[in-house]
Amino acid sequence: MPTPPNLTDPAERAAYKAELKQIARPLRMGAVWLAVLGALLAALRAKVLPMPVAVPAAVLGLAFFLMVLGITVRVKYHQRRMRGDL
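Using my numbering, read the sequence shown as starting at 507 and increasing by one per residue.
Shown next as structure tokens:
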């Protein structure tokens with residue numbers, strides 16, 4: 507069984523921090539880009555394009571869901587790693 511990282515050692519802590527940054531990165535970055543798209547759609551809807559308010563709201567809702575999912579995956583990974591399951 508693998509051992510959890512030694513977070514008291516600065517080198518191991520830095521390596522683990524870099525490892526943790528990569529967990530669920532596509533989910534989190536996708537959420538950021540969807541949030542930007544949703545904000546742009548909301549701004550365009552207000553000024554230029556006639557569209558239902560549900561369109562930017564749905565995009566922002568999906569962004570929120572992906573961000574929460576990415577954070578949850580990362581927290582679960584951290585918990586399993588600290589228990590030594592990974």
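The beta carbon of each residue, even a glycine, is placed where N, CA and C say it ideally should be.
Are the CB atoms of residue 465 and residue 547 nearer to each other than 9 Å? In this structure the chain extends from 507 to 592, so residue 465 is not present and cannot be described.
At least 3 beta-carbon pairs within less than 8 Å: the stretch 507-525 vs the stretch 572-582: no
Residue 591 to residue 533 span [Cα, whole Å]: 23 Å
Kindly indicate which residue of 515, 529, 557 has the alpha-carbon position closest to the one of residue 595. The structure shown does not extend to residue 595, since the chain is modelled only from 507 through 592, so no value can be given for it.
How about residue 511 and residue 521: are their beta carbons less than 9 Å apart? yes
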